[in-house]
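Protein sequences appear in the order of chains A and B. Heads up: the first sequence begins at 2 in the numbering used here, then just goes up one per residue. Heads up: the second sequence begins at 3 in the numbering used here, then just goes up one per residue.
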Amino acid sequence: TQNPKRTYIIHMDKFNMPASFDDHLQWYDSSLKSVSETAEMLYTYKHVAHGFSTRLTTQEADLLTKQPGILSVIPEVRYELH
Amino acid sequence: TTRTPEFLGLEKTSLLGYSGQQSEVIVGVIDTGVWPELKSFDDTGLGPVPSSWKGECETGKNFNSSNCNRKLVGARFFAKGYEAAFGPIDEKAESKSPRDDDGHGSHTSTTAAGSAVAGASLFGFASGTAKGMATQARVAAYKVCWLGGCFTTDIAAAIDKAIEDGVNILSMSIGGGLMDYYKDTVALGTFAAMEHGILVSSSAGNGGPSRATLANVAPWITTVGAGTIDRDFPAYITLGNGKRYNGVSLYNGKLPPDSPLPLVYAANVGQDSTDSLCTEDSLIPSKVSGKIVICDRGGNPRAEKSLVVKRAGGIGMILANKEDYGEELVADSYLLPAAALGEKASNEVKKYVSSAPNPTAKIAFGGTQLGVQPSPVVAAFSSRGPNILTPKILKPDLIAPGVNILAGWSGKVGPTGLAADTRHVSFNIISGTSMSCPHVSGLAALLKGAHPEWSPAAIRSALMTTSYRAYKNGQTIKDVATGIPATPFDYGAGHVDPVAALDPGLVYDTTADDYLSFLCALNYTSFQIKLVARREFTCDKRIKYRVEDLNYPSFAATFDAASGGKGGSHKSTTVQYKRILTNVGTPTTYKVSVSSQSPSVKITVEPQILSFKGLNEKKSYTVTFTSNSMPSGTTSFAHLEWSDGKHKVTSPIAFSWT
Chain A
2 TQNPKRTYII HMDKFNMPAS FDDHLQWYDS SLKSVSETAE MLYTYKHVAH GFSTRLTTQE
62 ADLLTKQPGI LSVIPEVRYE LH
Chain B
3 TTRTPEFLGL EKTSLLGYSG QQSEVIVGVI DTGVWPELKS FDDTGLGPVP SSWKGECETG
63 KNFNSSNCNR KLVGARFFAK GYEAAFGPID EKAESKSPRD DDGHGSHTST TAAGSAVAGA
123 SLFGFASGTA KGMATQARVA AYKVCWLGGC FTTDIAAAID KAIEDGVNIL SMSIGGGLMD
183 YYKDTVALGT FAAMEHGILV SSSAGNGGPS RATLANVAPW ITTVGAGTID RDFPAYITLG
243 NGKRYNGVSL YNGKLPPDSP LPLVYAANVG QDSTDSLCTE DSLIPSKVSG KIVICDRGGN
303 PRAEKSLVVK RAGGIGMILA NKEDYGEELV ADSYLLPAAA LGEKASNEVK KYVSSAPNPT
363 AKIAFGGTQL GVQPSPVVAA FSSRGPNILT PKILKPDLIA PGVNILAGWS GKVGPTGLAA
423 DTRHVSFNII SGTSMSCPHV SGLAALLKGA HPEWSPAAIR SALMTTSYRA YKNGQTIKDV
483 ATGIPATPFD YGAGHVDPVA ALDPGLVYDT TADDYLSFLC ALNYTSFQIK LVARREFTCD
543 KRIKYRVEDL NYPSFAATFD AASGGKGGSH KSTTVQYKRI LTNVGTPTTY KVSVSSQSPS
603 VKITVEPQIL SFKGLNEKKS YTVTFTSNSM PSGTTSFAHL EWSDGKHKVT SPIAFSWT
């Protein structure tokens with residue numbers, strides 16, 4: 002396909018959440034929806050990161066990186082057994 | 003495992019009454035899941051699950067909440083990332099549940115904390131009572147690895163849950179590529195775990211014996227390399243010329259006919275004369291049928307080679323090491339009579355095949371041999387330093403048993419893991435830094451039980467500073483890949499000695515803020531540090547942060563190499579390291595000593611005596627290394643030891659000129 006999706010972990014600046022949101026999950030969802038109507042969160046992370054994982058196209062990921070409150074958009078990596 | 007508890011002297015820990023609160027310790031294993039029916043998860047004699055435990059036994063295919071008990075206290079699975087990448091899990095091929103369809107996760111979790119099981123063996127090999135390193139500790143399995151691999155989204159979710167569930171130790175025998183800590187999801191996740199008081203033990207990787215092949219090098223992770231134990235599974239190959247060579251094998255089937263069989267080299271009987279690896283469909287059946295085939299190690303899985311030979315009509319196989327593997331012999335439960343040979347013997351056998359008109363061989367098997375010396379030796383496959391991400395942090399941290407380890411296995415697959423292997427076993431013998439990592443995880447659980455107040459860094463320090471680097475005869479631990487003495491780039495601080503680690507005397511403790519100062523020293527921006535810390539942390543502009551000041555139990559000093567080759571600059575360079583020792587023993591006085599193989603580096607320690615009057619008292623010291631320039635690529639090693647006459651608190655020092 003022309004716009005293949007891959008998985009990313011999105012790190013959010015939780016302590017600088019806009020006051021218009023009551024809940025950080027709403028904020029995560031709103032940020033995601035601002036770049037993709039269809040993308041869904043795979044996981045939300047509480048301890049290892051403030052953020053979530055989702056599937057995005059490269060363009061969507063680039064766009065998300067520029068949104069306020071986004072610290073980082075890190076592509077998923079495959080690990081293997083040792 | 004059988005034998006490694008004895009090899010590590012663990013029986014002494016119970017004699018010394020160190021079991022403490024071990025049953026309060028929970029080891030989380032992030033891996034391929036768990037086979038709960040194994041006797042290693044028998045909870046007889048264990049008290050109620052610790053009240054702090056918040057984990058669950060998740061339900062899924064072939065798995066329900068009754069599969070957990072007071073030993074296996076939790077089991078979860080994480081597949082959303084995997085399914086997003088690969089599509090829905092094929093439930094005919096693997097269980098969408100915590101159930102282990104692979105065997106690896108059952109092996110690692112039982113190695114760390116399996117209950118004692120009498121009469122364990124693999125086809126009679128390595129027989130004995132199998133025990134985890136911390137038999138009373140609890141296990142929680144987090145399945146993140148599937149047929150197609152393990153994805154960082156799932157791994158991060160598992161670490162997230164493990165923190166929430168309340169594990170004390172995390173065992174992760176997995177690895178990916180190296181990247182900056184702030185971009186590395188597993189480094190970020192394990193930092194959070196460390197902040198929650200969880201010790202994270204990870205495998206160093208199987209990229210050895212090549213240099214600079216380490217995985218999992220974040221300084222808050224305990225990075226574990228692999229060594230052998232004093233056990234072997236001998237096999238004997240006798241050539242038609244009467245010469246006999248010793249190899250290893252876990253084959254237990256019918257032996258080949260007594261009379262010698264024709265012997266051929268894979269490269270001479272294959273479709274491609276450059277392919278000596280016995281890869282799938284590479285052999286010509288008419289040239290292999292009824293013969294013993296020599297296959298070179300590497301390329302494809304070792305046991306798979308035996309299947310390739312068998313399918314081509316071969317009767318037996320010799321697995322031949324080349325220089326990458328040296329004399330390291332890894333035993334496998336082959337699908338036909340087969341044995342692995344070291345590099346020297348392999349070369350001799352191949353020479354014989356190329357020169358004899360009608361080469362023949364016989365293979366015989368010798369069961370289990372104990373008391374093999376020297377042991378341990380560093381496994382050829384064990385990944386080696388230097389640490390290319392942060393050269394001033396020495397990795398691996400230490401080594402532990404990782405070769406030919408017997409531990410629990412999945413009932414879903416045979417011991418080779420091959421689809422064609424229909425044998426079912428409760429225990430399997432396998433090798434890798436995956437196997438050494440859970441040894442350290444279990445030993446960390448042992449220490450946590452004995453010293454519940456110790457931080458992850460204190461536990462790691464105790465394991466490292468008490469590890470050993472020499473055999474009883476005083477000779478340095480060898481590297482099986484070369485046959486010569488190994489170095490701290492191979493074994494880190496040395497081979498783990500859990501009995502000594504229970505009473506280390508002093509520890510190098512480290513807090514989460516110390517690691518953040520370390521990131522300041524790496525010139526991380528506040529934005530990058532926020533990714534790791536998940537909070538604001540500002541590097542103080544007035545402070546000169548230095549990696550050299552991270553309170554690590556080992557030292558790695560890097561110097562500029564001489565410029566202009568032989569006649570180049572010989573300007574001396576001085577680097578200073580600061581360390582803080584915490585007394586975890588009785589009041590006493592420690593004196594420092596330094597042993598060095600490098601006359602070109604002057605080492606001074608200030609002060610040379612540290613007196614501790616109370617428990618948890620801290621004292622600092624500085625060590626200064628002054629070196630003349632050396633050619634680029636030069637390395638040298640030393641050790642620094644604090645001793646009060648009873649304890650020896652030893653740190654390795656690696657010098658590199660680049």
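Each residue gets a CB set at the ideal place from its N, CA and C atoms; glycine is no exception. Remember, it's a predicted structure, so these values are computed and weren't measured experimentally.
Counting every other CB atom within 10 Å of its CB across the protein chains shown gives residue 486 (chain B) a total below 16, marking it as exposed. Interface flag for residue 67 (chain A) against chain B is unset, since no Cβ pair is found closer than 7 Å. Look at the stretch 31–50 of chain A: the residues with a C-beta under 8 Å from a C-beta of chain B are 43, 44, 46, 47, 48, 49 and 50. Annotation: residue 51 (chain B) to residue 75 (chain B) spans about 7 Å, alpha carbon to alpha carbon. Distance check between residue 184 (chain B) and each of B:93, B:530, B:274 and B:559 places B:530 closest, using alpha-carbon atoms only. Checking the DSSP bridge columns, you'll see residue 497 (chain B) partnered with B:401 and B:470. Taken through DSSP and simplified to helix, strand or coil, residue 233 (chain B) comes out as strand. For the stretch 537–559 of chain B, the beta-carbon criterion of a distance under 8 Å to any beta-carbon of chain A is satisfied by 537 and 538. Apart from sequence neighbours up to five positions away, the residues of its chain that approach residue 97 (chain B) with a beta-carbon distance below 6 Å are 63, 64 and 103, ordered along the chain. Around the beta carbon of residue 459 (chain B), 16 or more other beta carbons lie within 10 angstroms, which makes this residue buried. Out of B:194, B:150 and B:15, the CA that lies nearest to the CA of residue 169 (chain B) is found in B:194. Secondary structure of residue 157 (chain B) (DSSP, three-state): helix. For residue 72 (chain A), the nearest beta carbon of chain B is closer than 7 Å to its own beta carbon. As the crow flies, the alpha-carbon of residue 316 (chain B) is around 16 Å from that of residue 304 (chain B). Proximity of residue 11 (chain A) to chain B, defined by a Cβ-Cβ separation below 7 Å, is not satisfied. Under the Cβ distance rule, residue 159 (chain B) counts among the residues neighbouring chain A, one pair being separated by less than 7 Å. 190, 191, 192, 193, 194, 195, 197, 198, 204, 205, 206, 207, 208 and 217: these are the residues of the stretch 189–217 of chain B whose beta carbon lies less than 9 Å from some beta carbon of chain A, given in chain order. Counting along the chain, residue 628 (chain B) sits inside the beta strand (DSSP E) bounded by residues 620–629. For the C-beta of residue 61 (chain A), not a single chain B residue is nearer than 7 Å; the gap to the nearest is close to 14 Å. Residue 450 (chain B) and residue 549 (chain B) do not touch by the CB rule: their CB atoms are close to 28 Å apart, not below 8 Å. Proximity of chain A to residue 162 (chain B) at the Cβ level (cut-off 7 Å) is accounted for by 46, 47, 48 and 49, in chain order. Under the three-state reduction of DSSP, residue 280 (chain B) is assigned to coil, being neither helix nor strand. In the structure shown, residue 70 (chain B) adopts coil according to DSSP, grouped into three states. Closer than 7 Å at the C-beta level to chain A, one finds no residue of the stretch 219–233 of chain B. Taking the Cα of residue 347 (chain B) as reference, the smallest distance to any Cα among B:334, B:512, B:187 and B:328 is reached at B:328.
If you ignore the 5 residues before and after residue 409 (chain B), its C-beta comes within less than 6 Å of the C-beta of 3, 109, 112 and 113, all in its own chain and listed in chain order. Considering only beta carbons, the part of the stretch 78–89 of chain B lying closer than 7 Å to chain A consists of 82, 83, 86 and 87, in chain order. Here residue 455 (chain B) is exposed. Its C-beta has fewer than 16 other C-beta atoms within 10 Å. The beta-carbon of residue 384 (chain B) is placed no less than 7 Å from the nearest beta-carbon of chain A.
Of the candidates B:80, B:116 and B:382, the residue whose Cα lies closest to the Cα of residue 71 (chain B) is B:116. Residue 268 (chain B) is positioned such that its CB atom lies no closer than 7 Å to that of residue 250 (chain B). Sequence-ordered contacts of the stretch 421–432 of chain B with chain A are nonexistent [C-beta pairs closer than 9 Å]. Secondary structure of residue 437 (chain B) (DSSP, three-state): helix.
With its beta carbon less than 7 Å from one in chain B, residue 83 (chain A) belongs to the interface. In the displayed model, residue 444 (chain B) falls within a helix according to three-state DSSP. Against chain B, a Cβ distance below 8 Å from residue 8 (chain A) picks out 83, 86, 87, 153 and 155.
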